[in-house]
Amino acid sequence: MAGQDRGDRADPGDAPPGGDHPDVEAAPSPSGQRMSFGGLTLTVPAAWRRTELKDLPGDPQGDYWVGTPGACSPQTLSATPPEGRDAKVYRNNCPGFLVIGEPWRNDGTTGWSGFATTGPWGAETEAFRACPRRGDLNGIGVQADREKPARTATAAVGTRRAQYREWRLSCVFMTGPRQFQPAGAGYVQRYWYLANPRLLILDEWNTPGLDKILAKAAWT
10 MAGQDRGDRA
20 DPGDAPPGGD
30 HPDVEAAPSP
40 SGQRMSFGGL
50 TLTVPAAWRR
60 TELKDLPGDP
70 QGDYWVGTPG
80 ACSPQTLSAT
90 PPEGRDAKVY
100 RNNCPGFLVI
110 GEPWRNDGTT
120 GWSGFATTGP
130 WGAETEAFRA
140 CPRRGDLNGI
150 GVQADREKPA
160 RTATAAVGTR
170 RAQYREWRLS
180 CVFMTGPRQF
190 QPAGAGYVQR
200 YWYLANPRLL
210 ILDEWNTPGL
220 DKILAKAAWT
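Numbering (the working numbering), first residue to last: 10 to 229.
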């Protein structure tokens with residue numbers, strides 16, 4: 010598909026290129042509660058809840074978790090987040106998505122220099138993040154998962170265009186003789202990356218209607 014990358018690293022001076030994009034069906038004017046993330050405002054279902062993420066490695070600013078209805082997968086990984094770090098970042102076992110204004114890594118590095126649309130996003134320098142819907146497995150995937158996206162496109166976020174990617178990631182064993190080997194389960198990580206302002210919307214739960222909600226976003 011069209012909408013290819015313009016380099017290995019995200020460039021703040023690059024406007025996202027045009028190209029094919031995920032289809033957005035016509036829908037009535039959105040209704041529900043308004044939820045803001047800096048200059049971005051979404052109209053989302055009333056049951057969704059926004060939480061600003063605190064105590065992340067490196068103390069980044071402008072990062073949020075949006076919780077959506079649905080059952081959580083029991084968290085059974087033996088590894089737990091280091092003391093003082095926000096569990097939502099590591100325990101991706103409840104439905105929702107991230108809105109990232111300043112990326113971070115577990116080693117305390119923050120900023121956009123480590124992000125590229127040529128790979129999935131992940132904070133992992135330590136293996137703590139659970140696999141969505143499988144809290145007993147690790148969600149970091151394997152190297153082969155990171156070599157090529159399952160889908161490359163552009164998509165609307167309000168009046169602006171975002172780089173859109175889908176990555177198929179494997180759930181892996183956390184311990185035992187098959188540690189970090191695929192366990193058979195997997196999931197799709199999809200994200201919308203905006204170069205101006207820099208923003209990453211990351212969904213690993215296939216949140217219903219999120220693409221349409223983003224297409225109707227408002228900017229201030």
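Using N, Cα and C, we set each Cβ at its ideal position, and we do this for glycine too.
For residue i, three-class secondary structure by DSSP
i: Gly193; result: strand
i: Trp228; result: strand
i: Asp64; result: coil
i: Gln172; result: strand
i: Arg231; result: Residue 231 lies beyond the residue range present for the chain, which begins at 10 and ends at 229; the question has no answer from this structure.
i: Ile149; result: coil
Residue burial classification, residue i (beta-carbon count within 10 angstroms, cutoff 16)
i: Thr77; result: buried
i: Pro66; result: buried
i: Trp57; result: buried
i: Ala153; result: exposed
i: Arg142; result: buried
i: Ala162; result: buried
i: Pro186; result: exposed
i: Ala204; result: buried
i: Gln190; result: exposed
i: Gly105; result: buried
Residue i to residue j span [Cα, whole Å]
i: Cys180; j: Ala139; result: 8 Å
i: Thr118; j: Phe124; result: 11 Å
i: Gln84; j: Asn102; result: 7 Å
i: Arg15; j: Gly41; result: Here Arg15 scores only 39 on pLDDT, less than 50, and its place in the model is too uncertain to base an answer on.
i: Gly193; j: Gln172; result: 29 Å
i: Gln188; j: Leu146; result: 10 Å
i: Phe261; j: Ser82; result: In this structure the chain extends from 10 to 229, so residue 261 is not present and cannot be described.
i: Arg170; j: Leu223; result: 10 Å
i: Ile149; j: Trp113; result: 15 Å
i: Asp72; j: Arg155; result: 24 Å
i: Leu107; j: Lys221; result: 17 Å
i: Lys157; j: Trp214; result: 20 Å
i: Thr219; j: Thr184; result: According to the sequence displayed, residue 219 carries Leu and not Thr. Near 34 Å, if we compare the C-alpha coordinates of Thr184 and Leu219.
Selection from the options that minimises the alpha carbon distance to residue i
i: Thr216; options: Thr161, Ala204, Pro54, Met44; result: Pro54
i: Ala226; options: Cys81, Phe182, Val166; result: Val166
i: Tyr202; options: Thr126, Gln190, Glu156; result: Thr126
i: Ala159; options: Trp113, Tyr196, Ile109; result: Tyr196
i: Trp130; options: Asp212, Ser45, Trp228, Leu219; result: Asp212
i: Gly68; options: Val151, Asp116, Ile210; result: The amino acid occupying residue 68 in the given sequence is Asp; Gly does not appear at that position. The shortest C-alpha separation from Asp68 is found at Asp116.
i: Met44; options: Val75, Gly71, Lys63; result: Val75
i: Val151; options: Glu133, Ala164, Ser122; result: Glu133
i: Arg174; options: Thr52, Trp121, Gly110, Gly128; result: Gly128
i: Ser122; options: Trp214, Thr229, Arg207, Lys221; result: Arg207
i: Trp228; options: Thr168, Tyr200, Asp220, Leu209; result: Thr168
i: Lys63; options: Thr50, Glu111, Ala80, Leu49; result: Glu111
i: Gly47; options: Thr184, Leu178, Arg199, Leu209; result: Leu209
Cβ-heavy atom distance, residue i to the ligand HEM, below 7 Å
i: Val181; result: Only the bare structure without any ligand can be found here, which leaves the ligand HEM out of the picture.
**Request:** Run through the region 95-145 for me and flag every whole alpha helix (DSSP H) of 4 or more residues, listed as ranges in chain order.
**Result:** 96-99
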